[in-house]
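**Q** Below are the structure tokens for one structure; questions will follow.
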Amino acid sequence: MIDIIPAKTQNHFQELGRLADIIWREYYIPMVGKPQIDYMLEKFQSVEAIKNQVEAGFEYFLITFDTIPVSYIAIKKEEDTLFLSKIYVLSTYRGKKIGKKAMQFIEEKAKSYDLKAIRLTVNINNTKAINAYEAMGFTKTGTLKAPIGEGFFMDDFLMEKAV
Ligand SMILES: CC(C)(COP(=O)(O)OP(=O)(O)OC[C@H]1O[C@@H](n2cnc3c(N)ncnc32)[C@H](O)[C@@H]1OP(=O)(O)O)[C@@H](O)C(=O)NCCC(=O)NCCS
Numbered sequence: 764m765i766d767i768i769p770a771k772t773q774n775h776f777q778e779l780g781r782l783a784d785i786i787w788r789e790y791y792i793p794m795v796g797k798p799q800i801d802y803m804l805e806k807f808q809s810v811e812a813i814k815n816q817v818e819a820g821f822e823y824f825l826i827t828f829d830t831i832p833v834s835y836i837a838i839k840k841e842e843d844t845l846f847l848s849k850i851y852v853l854s855t856y857r858g859k860k861i862g863k864k865a866m867q868f869i870e871e872k873a874k875s876y877d878l879k880a881i882r883l884t885v886n887i888n889n890t891k892a893i894n895a896y897e898a899m900g901f902t903k904t905g906t907l908k909a910p911i912g913e914g915f916f917m918d919d920f921l922m923e924k925a926v
């Protein structure tokens with residue numbers, strides 16, 4: 764049983780930070796290295812950083828599988844599109860359609876905001892996620908290389924799906 768819970772409380776934010784720490788270290792250190800992930804976790808996924816993002820309009824949701832927190836997403840309503848900022852599932856829960864259920868929820872959100880598309884960015888070397896996004900109806904629309912401070916860069920594909 765998969766549940767999607769709006770993250771609103773300090774406990775929720777701490778749980779998000781805990782999941783981010785586990786997932787990002789396991790998944791991204793082999794891809795971009797430990798110094799970048801240490802930096803990005805502190806800058807983007809500390810409790811303080813998450814709270815600031817929520818104040819700036821990001822909506823975070825915790826996702827539980829049989830009541831266990833195993834995943835989270837973050838979205839932001841933009842002028843024409845819904846930006847999918849984060850979608851992460853713990854390694855042992857991947858491939859169980861949690862991402863797909865989250866994506867259906869995100870599509871409903873986009874429709875409820877009267878937006879016609881969902882957009883996201885994904886590291887150009889994150890082939891598994893790119894394949895999963897393509898399976899869920901996204902197509903590549905471009906690339907983006909953006910500095911994130913301390914000499915680190917995001918090196919991403921832009922992907923989009925009409926809803
Ligand atoms: C990418 C991610 C969010 C997908 O969530 P998930 O719960 O594992 O995916 P699902 O089981 O819901 O699968 C959704 C669809 O993608 C496909 N898919 C999932 N993983 C895939 C993979 N590694 N390769 C190819 N297709 C894949 C599934 O077959 C399914 O398609 P289908 O409905 O046609 O069968 C999850 O695997 C994850 O957290 N990965 C690590 C972190 C990450 O890269 N996040 C994205 C950052 S941009």
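Position 150 of the sequence shown, counted from 1, bears residue number 913 in our numbering, the numbering being contiguous throughout.
The C-beta atom is built at its ideal place from N, Cα and C for all residues, glycine as well.
Counting only the same chain and skipping the five closest in sequence on each side, list residues whose C-beta sits under 7 Å from that of F776.
**A** For the purposes of this step, residue 776 is taken as the residue at position 13 of the sequence shown. Same-chain partners within the cutoff: A770, V810, I813 and K814.
**Q** Which residue comes first and which comes last in the alpha helix (DSSP H) that contains E778?
**A** Start at 1 with the first residue of the sequence shown, and residue 778 comes out as number 15. Its alpha helix (DSSP H) spans residues Q773 to V795.
**Q** Expressed to the nearest angstrom, what Euclidean distance is found between the alpha-carbon atoms of K839 and E822?
**A** Along the sequence shown, read from residue 1 onward, the residue named residue 839 stands at position 76. Along the sequence shown, read from residue 1 onward, the residue named residue 822 stands at position 59. Near 6 Å, if we compare the C-alpha coordinates of E822 and K839.
**Q** Nearest CA to the CA of L779: which residue from T906, L883 and V817?
**A** As a working note, residue 779 is residue 16 in the sequence shown. The candidate whose alpha carbon is nearest that of L779 is V817.
**Q** Consider the C-beta atom of G858 and the heavy atoms of ligand 1; say whether any pair is separated by less than 7 Å.
**A** Stepping through the sequence shown from its first residue, residue 858 is reached at position 95. Indeed, a heavy atom of ligand 1 lies less than 7 Å from the Cβ.
**Q** Would K849 and I836 be called neighbours here (beta carbons separated by less than 8 Å)?
**A** In the sequence shown, counting from the first residue as 1, residue 849 sits at position 86. In the sequence shown, counting from the first residue as 1, residue 836 sits at position 73. Their beta carbons are under 8 Å apart, which means K849 touches I836 by this criterion.
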